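Notes follow the structure.
Residue numbers (full-length UniProt numbering): 1 to 164.
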């Protein structure tokens, strides 16, 4: 399971460290021939306005029935699980008359991404189109919890005038 924070105010340092970790992971993977640690799909997080956000995950080849989105306890979780295929379907995939696999680089590994979201974040929609899963998010802060500006009372001070 991959755990990520959903920053309402993103920090530059988060992206710098995660990018450096990804580069180091890819370098070691190239040297050793192992699969990189991060098998979770890449994602974009975009702020549309003060209250609306869009989370977009790259999930090429995944069907709607294989993806699940859940919000519970301040966590947004996106899970991808391959559908079980029968042995005949699996063997027909590799023994097809139009050729056999020389390289299979498109990952179809099960994944689970978890994001920490603010208490009042609601999922408004989810769409799967052209290999991209878009999740619409709306931050609904109740009026009682929104910041209020408190006016400062201004009292006119008594002025003593000089009389000549």
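Heads up, the beta-carbon is just placed ideally off N, CA and C, and yes, glycines get one too. Note that the structure is a prediction, hence the values are computed from the model and not measured.
Need the endpoints of the beta strand (DSSP E) that residue i sits in, please.
i: residue 75; result: 75-80
i: residue 69; result: 67-72
i: residue 120; result: Counting along the chain, residue 120 falls outside any beta strand (DSSP E), and DSSP gives it neither H nor E.
i: residue 138; result: 132-139
i: residue 144; result: That residue, residue 144, is in no beta strand (DSSP E); it is neither H nor E in DSSP.
i: residue 100; result: Segment: none, residue 100 is in no beta strand (DSSP E) and carries neither H nor E.
Here's the rule I'm using: 16 or more other beta-carbon atoms within 10 Å means buried, otherwise exposed. How should residue i be labelled?
i: residue 142; result: exposed
i: residue 73; result: exposed
i: residue 80; result: buried
i: residue 137; result: buried
Comparing C-alpha positions only, which one of the options sits nearest to residue i?
i: residue 51; options: 105, 99, 44, 118; result: 118
i: residue 110; options: 136, 83, 100, 127; result: 83
i: residue 120; options: 145, 43, 66, 55; result: 145
i: residue 66; options: 75, 150, 153, 128; result: 128
i: residue 75; options: 115, 27, 103, 123; result: 115
i: residue 40; options: 71, 108, 46, 125; result: 108
i: residue 125; options: 24, 53, 153, 106; result: 53
Look at the alpha carbon of residue i and the alpha carbon of residue j, and state the distance between them as a whole number of angstroms.
i: residue 113; j: residue 69; result: 10 Å
i: residue 140; j: residue 155; result: 38 Å
i: residue 78; j: residue 147; result: 32 Å
i: residue 43; j: residue 100; result: 31 Å
i: residue 55; j: residue 64; result: 16 Å
i: residue 152; j: residue 27; result: 59 Å
i: residue 122; j: residue 46; result: 15 Å
i: residue 150; j: residue 48; result: 29 Å
i: residue 31; j: residue 24; result: 11 Å
For residue i and chain D, any beta-carbon pair shorter than 9 Å?
i: residue 75; result: Note that chain D does not occur in the displayed structure, where there is just one protein chain.
Item checked: the segment 127-136 contacting the segment 59-67, beta-carbon criterion three pairs below 8 Å -> Taking 8 Å as the limit for Cβ pairs, the verdict is that the segment 59-67 does touch the segment 127-136.
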